[in-house]
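As numbered in UniProt numbering, residues 1 to 294 make up the sequence shown, in order.
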Amino acid sequence: MWRSGHRILQSKFSPARIVGCVRVSQNARPLQHKTPWLLSNNARSFSSFLSQQWAAANVREQPGAIEKSQIPPVVPGGAFNSHIQPSDMLSFVNSASFCSYQSKSNPSKALLGSEETLVSHALTHESWMHGMQGHNRRLAFIGRRALKTYLSLFFFDILEHARRTNSSVSDVEYLQNLLSSQQHVDDIASTHHLGIVSAANLCLEKVMRWHSTVRMDPVSGPQESGLFKVRGSCVEGLIGAIYHYKGAQVAQQFFLSRILLPLTEAYMPKAPPLVRERAALASREASDALAQSP
1 MWRSGHRILQ
11 SKFSPARIVG
21 CVRVSQNARP
31 LQHKTPWLLS
41 NNARSFSSFL
51 SQQWAAANVR
61 EQPGAIEKSQ
71 IPPVVPGGAF
81 NSHIQPSDML
91 SFVNSASFCS
101 YQSKSNPSKA
111 LLGSEETLVS
121 HALTHESWMH
131 GMQGHNRRLA
141 FIGRRALKTY
151 LSLFFFDILE
161 HARRTNSSVS
171 DVEYLQNLLS
181 SQQHVDDIAS
191 THHLGIVSAA
201 NLCLEKVMRW
211 HSTVRMDPVS
221 GPQESGLFKV
231 RGSCVEGLIG
241 AIYHYKGAQV
251 AQQFFLSRIL
261 LPLTEAYMPK
271 APPLVRERAA
281 LASREASDAL
291 AQSP
C-alpha cells in the first residue's frame with residue numbers, strides 16, 4: 001500500500017484505523033523513501049522532538065531501500081547564542097553604537113535603562129527553550145502595529161509635503177496609490193523584510209536567542225533555518241520594548257533613525273527620489289532628537 005511516498009506495512013491480524021481514505025494498521029511502520037530530499041523537506045514542518053523520533057525510528061529494511069547513512073540528517077540546527085545573557089543583550093542595546101539615545105536630564109540613563117528582563121524577552125524568540133524562559137511574542141505584537149503605524153504616518157507626511165510644495169503629479173499619485181490600501185504598507189514592513197534588511201543593519205543576530213527548526217546548509221542557508229523571520233520578530237519585539245519602556249515618541253524616533261531608511265531603499269525600488277530624500281532627512285532628524293531626549 002502506498003501513501004504520500006511511503007509504503008505502509010499492514011498486519012492482517014491487527015485492528016486498523018482510518019486515516020483519510022487509507023486504512024493504516026496500528027502496527028504499521030513507514031519505510032524510507034528512495035528520494036532522501038523528500039524526507040528533508042518534510043522534516044521542516046516537524047518539531048525538534050518529532051525530528052529526533054523519526055531519525056531514531058525502528059525502520060524495517062526492504063530490498064532496494066537506501067542505506068541509513070545515505071539519508072541527509074534531519075535533526076534540528078540547534079540553539080543559537082546560548083551563551084548570551086540578558087546583561088549582554090542590555091549592554092548591546094544601550095550602547096552608543098546601537099542607538100544615539102541620551103537623556104539630557106539624566107545622562108547616565110540609557111535606552112532601556114536596567115531592564116534586563118524586558119530586553120531579554122524582546123530579543124528571545126519563542127523557539128528558544130520551547131518558550132519556557134520567556135519570549136517576544138507579545139512585545140512583537142505591539143511593536144509590529146506601532147511600526148506599521150509609524151511607516152503610514154511617514155508616508156502621509158510626505159504626501160502633505162508634496163502637495164504643499166507643488167511636487168510633480170507623479171510623486172503625488174505614487175503616494176496616493178501607496179496609501180490607498182493598508183496592505184501596501186504591510187507588505188513593505190513585513191516581518192520577513194524586517195529580518196532581511198533592518199535586523200541585519202542592527203546586527204541583532206549577535207545577541208538574539210533562537211532555535212533553528214532545521215540544520216542550516218550551504219544551499220538553503222539562513223532562509224530555510226528561519227533566520228529572517230526570527231530576526232524580523234526581534235525587530236518588532238525591540239520596538240515593542242522601547243514603546244513599553246520609553247513611550248511612543250522614542251519608539252517612533254528609533255524607527256525613523258535606524259529602520260526606515262534601509263527598509264525604503266530595499267523594498268521601494270520604484271519610489272520617486274522624494275521618498276528617499278525625506279527618509280534620509282527623517283533619519284537624521286530622529287537621530288539628533290534621540291541624542292537630546294528629555
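Backbone N, C-alpha and C fix where the C-beta goes; we use that ideal spot for every residue, glycine too.
If you're wondering where the values come from, they're calculated on a predicted model, not measured in any experiment.
Inside the UniProt domain "RNase III" (116-261), DSSP marks whole beta strand (DSSP E) runs of 3 or more residues at positions 210-212, from first to last along the chain. Between the segment 154-172 and the segment 254-272 there are three or more inter-stretch CB-CB distances shorter than 8 Å, so the stretches are counted as touching. If you ignore the 5 residues before and after Ala241, its C-beta comes within less than 7 Å of the C-beta of Leu112, Leu118, Val119, Ala122 and Leu139, all in its own chain and listed in chain order.
Between Val275 and Thr264 a beta carbon distance of about 6 Å is seen, short of the 8 Å cut, so the two are scored as contacting. With contact defined as three or more Cβ pairs closer than 8 Å, the segment 275-290 and the segment 141-152 are not in contact. Put simply, of Phe255, Cys234 and Leu159 the residue whose alpha carbon is nearest the alpha carbon of Trp128 is Cys234.
Taking C-beta separations shorter than 8 Å and ignoring five residues to either side along the sequence, the partners of Ala248 in its chain run Ala146, following chain order. Residues of the same chain with a CB within less than 7 Å of the CB of Ala282, apart from the 5 flanking positions on each side, are Phe154, Leu256 and Leu260 in chain order.
Of the other Cβ atoms in all chains shown, fewer than 16 fall within 10 Å of the Cβ of Asn177; this residue is therefore exposed.
Under the 8 Å Cβ criterion, the segment 81-90 counts as touching the segment 195-207, having at least three qualifying pairs.
When the alpha-carbon of Ala289 is set against those of Cys99, Asn81, Asn94 and Ser82, the nearest one is in Cys99. Selection Gly237, Ala266, Ile158 and Val185 evaluated against Asp171 yields Ile158 as nearest (Cα-Cα). Scanning Ala162, Gln183 and Val230 for the CA closest to the CA of Glu173 turns up Ala162. Nearest to Arg284 by C-alpha distance, out of Ile84, Tyr101, Ser114 and Ala79, is Tyr101.
Excluding five sequence positions before and after His193, the CB atoms of its chain that fall closer than 6 Å to its own CB belong to Tyr267, given in chain order. Ser82 and Gly237 have their C-alpha atoms some 19 Å from each other. Glu126 and Glu115 have their C-alpha atoms some 19 Å from each other.
Within its own chain, the residues whose Cβ lies closer than 6 Å to the Cβ of Leu179, once the five positions on either side in sequence are excluded, are Phe155, listed in chain order.
Rounded to the nearest whole angstrom, the C-alpha separation of Lys229 and Ser212 is 11 Å. With a threshold of 16 other beta carbon atoms within 10 Å, Ala96 falls short and is exposed. Lys148 places its beta carbon less than 8 Å from that of Asp186. When secondary structure is reduced to three states using DSSP, Ser82 falls in the coil class, being assigned neither helix nor strand.
Looking at the DSSP output, Ser103 sits in a beta bridge with Ser293.
The distance from the Cβ of Ser105 to that of Pro294 is about 6 Å, consistent with a contact at the 8 Å cut-off. Here Pro273 carries a helix assignment [DSSP, helix/strand/coil]. A residue is called buried when at least 16 other Cβ atoms come within 10 angstroms of its Cβ; Val169 does not meet this threshold and is exposed. Asn136 and Ile239 have their C-alpha atoms roughly 11 Å apart. Secondary structure of Phe92 (DSSP, three-state): helix. Here the alpha carbons of Ser167 and Ile196 stand approximately 32 Å from one another.
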